[in-house]
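Here's the structure, in structure tokens; my notes come after.
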Amino acid sequence: MKKLAIFTILAVYSLLIFTSCGTQPLPSSPTKSPTPATTLAPTEEPSPSPTSVPTEGELVVHFIDVGQGDSILIDLQDIEVLIDGGDRAPGVVPYLKSYVDGALEVMVATHPHADHIGGLIDVLAAFEVEEICHNGETSTSTTYSDFMSAVNSENAEVNAATRGNVIEADGLSFKVLNPFNLSGTTNNNSIVLYFAYGQID
5 MKKLAIFTIL AVYSLLIFTS CGTQPLPSSP TKSPTPATTL APTEEPSPSP TSVPTEGELV
65 VHFIDVGQGD SILIDLQDIE VLIDGGDRAP GVVPYLKSYV DGALEVMVAT HPHADHIGGL
125 IDVLAAFEVE EICHNGETST STTYSDFMSA VNSENAEVNA ATRGNVIEAD GLSFKVLNPF
185 NLSGTTNNNS IVLYFAYGQI D
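Going by this note's numbering, the first residue of the sequence shown is number 5, and it counts up by one from there.
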């Protein structure tokens, strides 16, 4: 029942973030393509199907207070997935140091607004990150430029996520529902993930 409540909160919180972010949108004109990047062929329609995932250990979802924007840490013992990092200030590194064991398995930058990727710059400096996923959209902002410099300096697998892809983190599986393409606004192009843990979707 406790896990159901956590995932219900996660779903509602994610919807609120997805519809209310970026009160001052940044330009999305491309200045350079994120590299290195790989994509898989997207499917036409998302068709979520829960995968049977072992439920050994307690999975904890942290909604980190970053003011404007969001930052979510999914923590299953020594497996950690970070979704967004808020803006550069206040930053999330001090919070993460209490929970991240070794490397971050996956970092997801849902879209290139500063209030989602700004805090990830310091995260990349403070932690080893094994895989970085972004939505493939670029920006002319200084924050985006600094973020991509940090990404390109990290010895990580870098992927542009599109609908139908699956992001794996040592047994945790996230199916990408959005974006299908980058034809909408920056917020509407955000990465949206479907996640199942045990019997909870």
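Even glycine gets a Cβ: it sits at the ideal position worked out from N, Cα and C.
Can you name, in chain order, every residue of its own chain whose Cβ lies under 6 Å from the Cβ of residue i, other than the five neighbours on each side?
| i | result |
| --- | --- |
| Ala41 | Model confidence at Ala41 stands at a pLDDT of 43, short of 50, so the residue's coordinates are unreliable; what they give is reported in the following sentence. Around Ala41: Val162 and Ala164. |
| Thr147 | Ala118 and Gly122 |
Are residue i and residue j touching if we call contact CB-CB under 8 Å?
| i | j | result |
| --- | --- | --- |
| Ala107 | Leu128 | no |
| Leu100 | Met111 | no |
| Ser189 | Pro116 | Looking at the sequence provided, one finds Thr at residue 189 rather than Ser. For Thr189 and Pro116, no; Cβs fall outside 8 Å. |
| Asp105 | Asp82 | yes |
| Asp88 | Ser75 | yes |
| Ala130 | Ile121 | no |
| Asp79 | Ala118 | no |
| Glu84 | Glu109 | yes |
| Ala160 | Ile136 | yes |
| Asn139 | Asn193 | yes |
| Val96 | Ile68 | yes |
| Glu158 | Val133 | yes |
| Phe151 | Thr166 | no |
Could you tell me which residues DSSP puts in a beta bridge with residue i?
| i | result |
| --- | --- |
| Ile76 | Phe67 and Ile87 |
Can you give me the Cβ contacts of residue i inside the same chain, cut-off strictly under 8 Å, excluding the 5 residues immediately before and after it?
| i | result |
| --- | --- |
| Val170 | Ser177, Phe178, Lys179 and Val180 |
Leaving out five residues before and five after residue i in sequence, what residues of the same chain have Cβ atoms less than 7 Å from its Cβ?
| i | result |
| --- | --- |
| Phe199 | Phe178 |
| Asn182 | Arg167, Ser194, Ile195 and Val196 |
What are the start and end residues of each continuous beta strand (DSSP E) run of 3 or more residues lying completely inside the stretch 155-205, in chain order? 161-164, 170-173, 176-182 and 196-199
Just list the alpha helix (DSSP H) runs in the stretch 108-148, keeping only unbroken ones of 4 residues or longer that don't cross its boundaries, in chain order. 118-130
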